[in-house]
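S.K.: In our numbering, the protein residues as written are 699 to 786.
Every residue gets a Cβ at the ideal spot worked out from N, C-alpha and C, and that includes glycine.
The structure follows.
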């Protein structure tokens, strides 16, 4: 089974400067985090206007999840930090 994202929620932690989300490979939960700086960079790169971080994540969700899947398929760990080098 591959990585899927049935739970479409994300947690934006402004104090820690990260957004967290998770996917599942079978019964195993795979957790991801991404800095808000990376999210801001993606927003500018793909021509989105400055907006609240949760909305920015939602607008870029498919691109972020695809990068998460590619990253997971390379090493199959249970936790990842996605950065600007994550091939979005």
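#1: Starting from residue 779, follow the beta strand (DSSP E) in both directions and report where the run begins and ends.
#2: Following the continuous beta strand (DSSP E) through residue 733, name the residue where it begins and the one where it ends.
#3: Should residue 784 and residue 729 be called a contact, given that it needs their Cβ atoms to be closer than 9 Å?
#4: With H, G and I counted as helix, E and B as strand and the rest as coil, what does DSSP make of residue 713?
#5: Give me the Cβ distance between residue 703 and residue 763, rounded to the nearest whole Å; I'm assuming they're in contact under 8 Å.
M.R.: Taking the definition as stated:
#1: 777-780
#2: 726-733
#3: no
#4: coil
#5: 5 Å
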